[in-house]
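**Student:** Handing you a structure now.
2 protein chains.
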Amino acid sequence: MPFDTGTGAGGSFSARREITGFSNPTVKYLRSLREKKHRKREGKFLAEGLRLLTDARECGHIPQMLVMAAKRDPHPLLSQLEQAVADAGGEIIETSADILTKITGKDNPQAVVGMFAEFDTSLAALERDRGDIWLVAQALRDPGNLGTMLRTCDAVGAGGLILIDDCADPFSVEAVRASMGAVFTQQIGQATWDDFSAWLRADHGGRAGQLVAASLRDAVDYRGAPYCAPCFIMVGNESRGLPAEYEDACDLRVTMPMKGRADSLNAAVAGAVLAYEVLASLD
Amino acid sequence: MPFDTGTGAGGSFSARREITGFSNPTVKYLRSLREKKHRKREGKFLAEGLRLLTDARECGHIPQMLVMAAKRDPHPLLSQLEQAVADAGGEIIETSADILTKITGKDNPQAVVGMFAEFDTSLAALERDRGDIWLVAQALRDPGNLGTMLRTCDAVGAGGLILIDDCADPFSVEAVRASMGAVFTQQIGQATWDDFSAWLRADHGGRAGQLVAASLRDAVDYRGAPYCAPCFIMVGNESRGLPAEYEDACDLRVTMPMKGRADSLNAAVAGAVLAYEVLASLD
Chain A
987 MPFDTGTGAG GSFSARREIT GFSNPTVKYL RSLREKKHRK REGKFLAEGL RLLTDARECG
1047 HIPQMLVMAA KRDPHPLLSQ LEQAVADAGG EIIETSADIL TKITGKDNPQ AVVGMFAEFD
1107 TSLAALERDR GDIWLVAQAL RDPGNLGTML RTCDAVGAGG LILIDDCADP FSVEAVRASM
1167 GAVFTQQIGQ ATWDDFSAWL RADHGGRAGQ LVAASLRDAV DYRGAPYCAP CFIMVGNESR
1227 GLPAEYEDAC DLRVTMPMKG RADSLNAAVA GAVLAYEVLA SLD
Chain B
987 MPFDTGTGAG GSFSARREIT GFSNPTVKYL RSLREKKHRK REGKFLAEGL RLLTDARECG
1047 HIPQMLVMAA KRDPHPLLSQ LEQAVADAGG EIIETSADIL TKITGKDNPQ AVVGMFAEFD
1107 TSLAALERDR GDIWLVAQAL RDPGNLGTML RTCDAVGAGG LILIDDCADP FSVEAVRASM
1167 GAVFTQQIGQ ATWDDFSAWL RADHGGRAGQ LVAASLRDAV DYRGAPYCAP CFIMVGNESR
1227 GLPAEYEDAC DLRVTMPMKG RADSLNAAVA GAVLAYEVLA SLD
C-alpha cells in the first residue's frame, strides 16, 4: 500500500493518508474483516468508537490501523490515540462518513475505527490468578451474548471469558460492540471441552478451580451455595443448554428460581446473576 | 382474500389455503409486519416457533393467522394449535420453507409463524397486583434487550414490563424472539414518564409502589437494600442511562459493584441482577 507521511494531530510524524474511494483496497480489506473467515485468515479484527479505543489504549492495545472521519470534532483523547498509533508505527487513515459506514456496516458509525491483531486465546496464555471469577461459555452462538458476558466479566472483576466448543467469534463486530471495551480488559480463552477440563484440573501450583453450572437437577439454591475461588461459572448453548456430561463434571450445580413458564434465562443474564452472587459470596 | 375451506389437522373445518408465490399479497403483508410503521398501522405482530406459539395458546393468545411449512413433521402441539386457530375463526396457510424465510427474514425459520393482534399496552390495562416485581425500561433502544427483560420478568414471576418514553418496539420480531414467549405471559405497558409517575403514585387501594433504580450517586448497596412490593425496577437507556430527574424520583437508589473499567452493565443484565436480588429479598 502507498504511504503518505504527514503530521499527526499529536504533532509527530506518522503514516497517514486519505481515502476517498469506496473501491479502495484498504476499504475492501477492512470491510472483509466483518466476516469471520477473513478475520481468522488475517488474524485481525475491528473495534469502533473513541471511548472503546481509549479503553484499549489504556490497556496496552494499540490499533495497527486507525480510520477516522476526515470531518470530525477535535478531541484530546483522539489526539492521544493518534499519537499512540504513530508511536507504534501504525497507519492513520482519514476518510468520509459514508466509507466508515461501509466499513462498519452501521448507519451511524462512530467517527473512528481501529484494526487490531487478534489476541492469543490459548489456555496456556491465561493468567489463572487474575481474578476469582471466570465465565465459561459453552457453544454460545450469539456474539451479542459473548460481548455482554465480557462486559459482565469486567464489572465483577473477573479474570476473563473462556469459550468452549463451537462458540460465536468474540472478535466479531457485534461481540466487540456489546463488550463495551471489555474485549480489551478481559482475557479470552478458546478450547475444546477436553482441553479445558485438563487445564482446569491440572495442578497450577495454587488453588484448585471450582466449576459451577446452573442446572435443574441435583442442584442447590444458587444463593448461599458454597462457592470458592477461582470459580468458573459455565453457561451453555442458548437452545440446548449444557450437555449432561459437562454438568456431571461440575463441582457444584446450582439452581435459580424460575417462577414463570420458562425454564431458563438468557445465557448472558444467567451468567451475570450467578457472577454477582459468587462475587458477593467470595467478598 | 380468497379462502379454500379444508379439513384441519385437528379434524375441524377451518379457513385453510396454500400459498406458493413469493409475490402473493398475504406474503407481502406478513413480511411488512417486520417494520414498526406497518405493525403500528395494522396493530398486528408476528411470532415464530411451535414452542412459543404453544406458550401463547396456553396463555389465551390465539394467532389470527397461522403460517406453516407445507412439508413439516407432524406434532401433537401443532395439531392443537391448528385446532385453536380454527375454533377462533382464524386462517391457516401452508407455504414453502423459502416463503417462510422471506416472511421472517431468518435463514432457518421455524416451521410455523403466527400473526397476532397487538395487545392493549395502556397503563389502565395493567393489573398491578399481578406480581411483586415489575421491570421498567426507559428509552431502551435495543429490541433484544426488551425481549430479554420480558424473559427475566417471566423467570422472577413479575407482573410485567413497563416501557417509558421512546423505547424499541416490544412487538418487533427481535423482541418477541428474545422474549422466548414471555411477550405472551407478561403484561406490557407503554407510557410517558409523567403518565407513569402519576399512575405509580396514584392510590390503587393497596400497597404503594416502590420505584428503584441502579445509580452511582447517593445510593445504597443493592444487596440487603430495603426493597418492598410492588417493586418497580427501572433501567435506563443503553448509552445515556436514566435522566437525573428520574433518578431523583426514585424511592430507592441502589448501586452494584463495578470492579473493572466500565461503570455500567448491559441494561437487561442490570435489570436481571436487581430483579433476582429483589426476589430473594421479598421471599
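So the sequence lines, in the order shown, correspond to chains A and B. Every position in the first sequence, counted from 1, becomes a number in my numbering once 986 is added. Every position in the second sequence, counted from 1, becomes a number in my numbering once 986 is added. All residues carry an ideal CB built from backbone N, CA and C; glycine is no exception.
1) Checking 8 Å against the spacing of the C-beta atoms, do glycine 1100 of chain B and leucine 1052 of chain B come in under that value?
2) Find out if the Cβ-Cβ distance for the pair methionine 1242 of chain B, alanine 1248 of chain A is shorter than 8 Å.
3) Against chain A, with Cβ distances strictly below 8 Å, would asparagine 1252 of chain B count as a contact?
4) Does lysine 1014 of chain B pass the burial test, meaning 16 or more other C-beta atoms within 10 Å, or should it be called exposed?
5) Using C-beta distances below 8 Å, list every residue in its chain close to leucine 1032 of chain B, excluding the 5 sequence neighbours before and after it, in chain order.
6) Please list, in chain order, all residues of the same chain as aspartate 1269 of chain B whose beta carbon is under 6 Å from its beta carbon, the five residues on each side excluded.
7) With 8 Å set as the bound, which would you pick, yes or no: does the beta-carbon of leucine 1265 of chain A sit closer than that to a beta-carbon of chain B?
8) Among B/His1047, B/Asn1223, B/Leu1265, B/Leu1038, which one has its Cα closest to the Cα of proline 1216 of chain B?
9) Should isoleucine 1148 of chain B and alanine 1177 of chain B be called a contact, given that it needs their Cβ atoms to be closer than 8 Å?
10) If you compare alpha carbons, which of B/Arg1003, B/Gly1227, B/Leu1260 is closest to valine 1206 of chain B?
11) When the distance is taken between beta carbons, is aspartate 1128 of chain A closer than 8 Å to glutamate 1224 of chain A?
12) Using a Cβ cut-off of 9 Å, which residues of the region 1069 to 1101 of chain A contact any Cβ in chain B, in chain order?
13) Check this for me: beta carbons of glutamate 1231 of chain A and alanine 1199 of chain A, under 8 Å apart or not?
14) Step through the CB atoms of chain A and report whether any lies within less than 8 Å of the CB of methionine 1054 of chain B.
15) Jot down the residue ranges of each uninterrupted alpha helix (DSSP H) in the region 1084 to 1148 of chain B, minimum 4 residues, whole runs only, in chain order.
16) Which same chain residues, not among the five before or five after arginine 1043 of chain B, have their C-beta less than 8 Å away from its C-beta?
17) Could you tell me the alpha carbon to alpha carbon distance between serine 1108 of chain B and leucine 1036 of chain B, rounded to whole angstroms?
18) Looking at isoleucine 1078 of chain A and arginine 1002 of chain A, is the spacing between their C-beta atoms short of 8 Å?
19) Can you give me the Cβ contacts of alanine 1164 of chain A inside the same chain, cut-off strictly under 6 Å, excluding the 5 residues immediately before and after it?
20) Whole angstroms are fine: how far does the CA of histidine 1024 of chain A sit from the CA of asparagine 1252 of chain A?
21) In whole angstroms, what is the alpha-carbon distance linking arginine 1226 of chain A and serine 1250 of chain A?
22) For leucine 1038 of chain A and arginine 1116 of chain B, I'd like the C-alpha separation in whole angstroms.
23) How close, in whole Å, do the beta carbons of leucine 1186 of chain A and leucine 1197 of chain A come, if the pair is a contact with beta carbons under 8 Å?
**Tutor:** Let me spell this out:
1) Locating residue 1100 of chain B in the second sequence gives position 114, counting from the first residue. Locating residue 1052 of chain B in the second sequence gives position 66, counting from the first residue. Glycine 1100 of chain B is a Cβ neighbour of leucine 1052 of chain B, given a cutoff of 8 Å.
2) Taking the second sequence and counting its residues from 1, the one referred to as residue 1242 of chain B is at position 256. Taking the first sequence and counting its residues from 1, the one referred to as residue 1248 of chain A is at position 262. Taking 8 Å as the Cβ cut-off, methionine 1242 of chain B and alanine 1248 of chain A do not qualify as a contacting pair.
3) Within the second sequence, numbered from 1, the residue matching residue 1252 of chain B stands at position 266. Yes, asparagine 1252 of chain B counts as interfacial toward chain A.
4) Sequence index remark: in the second sequence, residue 1014 of chain B carries index 28 (1-based). Counting Cβ neighbours within 10 Å, lysine 1014 of chain B comes out exposed, since fewer than 16 surround it.
5) Position 46 of the second sequence, counted from the first residue, corresponds to residue 1032 of chain B. Within the same chain, leucine 1032 of chain B has close Cβ partners Leu1016, Leu1019, Arg1020, Ile1089, Thr1090, Val1099, Gly1100, Met1101, Phe1102, Val1159, Val1162.
6) Along the second sequence, one-based indexing puts residue 1269 of chain B at 283. Non-local beta-carbon contacts of aspartate 1269 of chain B in its own chain, meaning distances under 6 Å to residues more than five positions away in sequence, are absent.
7) On the first sequence, position 279 is the one that residue 1265 of chain A refers to. Judged by the 8 Å Cβ criterion, leucine 1265 of chain A is in contact with chain B.
8) In the second sequence, counting from the first residue as 1, residue 1216 of chain B sits at position 230. When only C-alpha atoms are compared, the closest one is B/Leu1265.
9) For the purposes of this step, residue 1148 of chain B is taken as residue 162 along the second sequence, with counting starting at 1. For the purposes of this step, residue 1177 of chain B is taken as residue 191 along the second sequence, with counting starting at 1. For isoleucine 1148 of chain B and alanine 1177 of chain B, yes; Cβs fall inside 8 Å.
10) For the purposes of this step, residue 1206 of chain B is identified with residue 220 of the second sequence, where counting begins at 1. Ranking the options by Cα distance to valine 1206 of chain B, first place goes to B/Leu1260.
11) Within the first sequence, residue 1224 of chain A is the residue found at index 238, counting from 1. Within the first sequence, residue 1128 of chain A is the residue found at index 142, counting from 1. Yes, the pair counts as a contact, with Cβ atoms nearer than the cut-off.
12) Within the region 1069 to 1101 of chain A, no residue has a Cβ lying closer than 9 Å to any Cβ of chain B.
13) Walking along the first sequence from the start, residue 1231 of chain A turns up at place 245. Walking along the first sequence from the start, residue 1199 of chain A turns up at place 213. No.
14) Position 68 of the second sequence, counting from 1, holds the residue named residue 1054 of chain B. Output row for methionine 1054 of chain B: interface = no.
15) As far as the region 1084 to 1148 of chain B is concerned, its whole alpha helix (DSSP H) runs of at least 4 residues are 1129 to 1141.
16) Translated into the one-based positions of the second sequence, residue 1043 of chain B becomes position 57. By the criterion of a C-beta distance shorter than 8 Å, arginine 1043 of chain B is surrounded in its chain by Gln1066, Leu1067, Ala1070, once the five residues flanking it on both sides are discounted.
17) Indexing the second sequence from 1 puts residue 1108 of chain B at position 122. Indexing the second sequence from 1 puts residue 1036 of chain B at position 50. C-alpha separation (whole angstroms): 29 Å.
18) Numbered from 1 along the first sequence, position 16 holds the residue referred to as residue 1002 of chain A. Numbered from 1 along the first sequence, position 92 holds the residue referred to as residue 1078 of chain A. Going by C-beta atoms, arginine 1002 of chain A is nearer than 8 Å to isoleucine 1078 of chain A.
19) Here residue 1164 of chain A refers to the residue found at position 178 when the first sequence is read from its first residue. Gly1130, Gly1133, Thr1134.
20) Here the question's residue 1252 of chain A lines up with position 266 in the first sequence. Here the question's residue 1024 of chain A lines up with position 38 in the first sequence. In this model, asparagine 1252 of chain A and histidine 1024 of chain A are separated by some 29 Å (Cα to Cα).
21) In the first sequence, counting from the first residue as 1, residue 1226 of chain A sits at position 240. In the first sequence, counting from the first residue as 1, residue 1250 of chain A sits at position 264. Arginine 1226 of chain A and serine 1250 of chain A have their C-alpha atoms some 10 Å from each other.
22) Residue 1038 of chain A sits at position 52 when you count from the first residue of the first sequence. Residue 1116 of chain B sits at position 130 when you count from the first residue of the second sequence. Taking the straight line joining both Cα atoms gives about 41 Å.
23) By 1-based counting over the first sequence, the position of residue 1186 of chain A is 200. By 1-based counting over the first sequence, the position of residue 1197 of chain A is 211. Contact check for leucine 1186 of chain A and leucine 1197 of chain A: beta-carbon distance about 6 Å, within the 8 Å limit, so the pair qualifies.
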